[in-house]
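Heads up, the thing below is written out as structure tokens.
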Amino acid sequence: MLSRFYPDRIERSVYGIDFEELYSQGKRGILFDIDNTLVMHGADADKQSEELFVRLHAIGFKTCIISNNDEERVQRFNKNINTDYVYKAGKPKKSAYISGMKIMGTDIKETIFIGDQIFTDIYGAKRAGIDNILVERISDKEEIQIVLKRILERIVLKSYRRKYGRS
145 MLSRFYPDRI
155 ERSVYGIDFE
165 ELYSQGKRGI
175 LFDIDNTLVM
185 HGADADKQSE
195 ELFVRLHAIG
205 FKTCIISNND
215 EERVQRFNKN
225 INTDYVYKAG
235 KPKKSAYISG
245 MKIMGTDIKE
255 TIFIGDQIFT
265 DIYGAKRAGI
275 DNILVERISD
285 KEEIQIVLKR
295 ILERIVLKSY
305 RRKYGRS
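Using this note's numbering, you'd call the opening residue of the sequence shown number 145 and step up by one each time.
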């Protein structure tokens with residue numbers, strides 16, 4: 145039962161992912177969460193996140209942010225990123241992921257999603273049939289409803305690690 149929440153892959157940070165390898169595997173579009181995936185919760189884009197998007201676009205990736213935040217928050221983050229986005233996405237609804245793929249012009253096989261939360265980010269990507277990568281959250285600073293979900297996430301990750309022996 146818990147396996148429907150298992151990520152396809154776990155990485156310590158979005159900044160440590162081998163994006164060239166993903167491109168060589170046929171991935172052409174990347175859907176991203178923002179908060180605690182790319183920057184600390186509520187933070188604007190920083191130099192590291194701005195450089196990441198420049199690098200991804202130079203590789204040939206199309207990118208799109210999918211966020212449950214309001215448009216002001218997403219626009220503020222996106223100011224120097226200049227990527228497409230879906231705000232108030234309603235993750236884990238699969239329609240949010242489908243909208244992102246339509247914007248990028250990619251299909252399920254060409255797209256990967258990267259986020260830090262199991263019950264919104266990863267579960268939604270799995271519902272949409274998209275490969276996904278769970279990254280460790282950047283900071284413990286989160287809204288209370290997310291903090292409470294993290295308790296349940298630990299149960300899922302413990303089960304995942306027991307099955308796959310991964311950290």
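C-beta atoms are modelled at their ideal positions from N, C-alpha and C, and glycine is treated no differently.
Taken through DSSP and simplified to helix, strand or coil, Tyr231 comes out as coil. A straight-line Cα-Cα distance of about 22 angstroms links Ile299 and Asp177. Ranked by how close their Cα comes to the Cα of Lys232, the residues Met245, Thr250 and Asn212 have Asn212 in first place. Comparing alpha carbon positions, the residue from Ile247, Lys171, Asn180 and Arg306 closest to Val291 is Asn180.
In this structure, Thr250 sits away from Thr227, with a CB-CB distance that is not shorter than 9 angstroms. The distance from the Cβ of Lys238 to that of Arg217 is about 22 angstroms, inconsistent with a contact at the 8 angstroms cut-off. Between Asp260 and Asp152, the CB-CB gap reaches or exceeds 9 angstroms. Excluding sequence positions up to five before and after Met248, its CB lies within less than 6 angstroms of the CB of Gly173, Lys206 and Cys208, all in the same chain and listed in chain order. When DSSP reads this structure, Leu278 sits in a beta bridge with Ile154 and Gly259.
In this structure Ile262 touches Leu278 by the C-beta definition: roughly 7 angstroms separates them, less than 8 angstroms. The DSSP assignment places complete alpha helix (DSSP H) segments of no fewer than 4 residues inside the region 170 to 220 at 191 to 203, in order along the chain. If you look at Phe149, you'll find it isn't in any alpha helix (DSSP H); DSSP assigns it neither H nor E.
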